[in-house]
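Visitor:
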Amino acid sequence: MTPKVGVLSIVCAVAVGALAFKGLDIAQAVAAEAVEGAAPAPETALTAGIGADGGEAQAAAATEEGAPPAEAAAPTPEQCLTTLNSAAEEMGLSSQEIVVLRSLQKRREELDGRETGIETREQAAAAAESRLQEQIVELKKVESEIQGLLTSMDAKRDERMTALVKTYEAMKPKDAAKIFDGMEDALLLDIAKSMKSSTLAAVLSTMQPKRAEALTKLIANLAKPPANIEALQQKTPT
């Protein structure tokens, strides 16, 4: 993002620069007047009697005076505001215009903060969307694996049912009928509908009349269309 320079910062910098130049001019003028007005003082007994200690003290004082000034402290908000007002007067700006500039600068900072927050939320949303897509891919992979297992289980179930049907077809009709008489309807129907018609007829002829009638109705109902969705779901193999 390109850094933005606030109007308040520019005005403050201009004011500080103007005051610095004025201070430099005043200091130079004072120094010139001091040099021109200074005259060597006559030596007196008092000045002549100053010993080496006094000279060293003067040298130390001169050294301290010639030392570089300490680094100036950062201006406080009140000082910056005073400088800003002075600069505004020099630039022809009123106090109301300064208030407007400060308000605009504050508004700019608020907008910058909102923009940063929006960018952060957009990045978080993009990361969440990326994780969601990864999870969707993983779920589809798991779904495919489960579907494959179900298909394999159905195939094995069909194989076992085919083998069971062949077993009952190989039995004597009388022996198969005894087993069919005590078998539950759902399993009995699964086996009977897969048997050869001739073999099933021989088994039905030796079954108990009520069980043979019930099995006949179950087989006949397979040919009827379902009356509603629930009946269709019951007839649809899972």
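Quick note: the sequence shown, position 228, residue 226 per my numbering, numbers continuous. All C-beta atoms, glycine included, are put in the ideal place defined by N, C-alpha and C. The structure presented is a predicted model; accordingly, all values stated were derived computationally and were not measured.
1) Report buried or exposed for Pro223, applying the criterion of at least 16 other Cβ atoms within 10 angstroms of its Cβ.
2) For the alpha helix (DSSP H) that contains Met159, what are its first and last residues?
3) How far does the alpha helix (DSSP H) with Leu213 in it extend, from its first residue to its last?
4) In whole angstroms, what separates the C-alpha of Ser203 from that of Arg209?
5) For a quick check, are the C-beta atoms of Ala212 and Pro171 less than 8 angstroms apart?
6) Measure the C-alpha to C-alpha separation of Thr0 and Gly146 and round it to an integer number of angstroms.
7) The ligand SAM and Ile227: does the residue's C-beta get closer than 7 angstroms to at least one heavy atom of that ligand?
8) In chain order, what residues of the same chain lie with their CB nearer than 7 angstroms to the CB of Glu167, ignoring the 5 residues before and after it?
9) Do you know offhand how far Thr118's Cα is from Leu102's?
10) For Met205, count neighbouring C-beta atoms within 10 Å of its own C-beta (all shown protein chains included) and say buried if the count is 16 or more, exposed if not.
11) Note down, in chain order, each residue of its chain lying with its Cβ closer than 8 angstroms to the Cβ of Lys164, except the 5 sequence neighbours on either side.
12) Report yes if the CB atom of Ala190 is closer than 8 angstroms to the CB atom of Ile217, and no otherwise.
Guide: According to the structure data:
1) exposed
2) Ser93 to Ala168
3) Pro207 to Asn219
4) 11 angstroms
5) no
6) Residue placement at Thr0 cannot be trusted, given a pLDDT of 43 that sits under 50; what the coordinates show is reported in the next sentence. Between Thr0 and Gly146, the C-alpha separation is close to 55 angstroms.
7) The ligand SAM is not among the ligands present in this structure, which contains no ligands whatsoever.
8) Met193, Lys194 and Thr197
9) 24 angstroms
10) buried
11) none
12) yes
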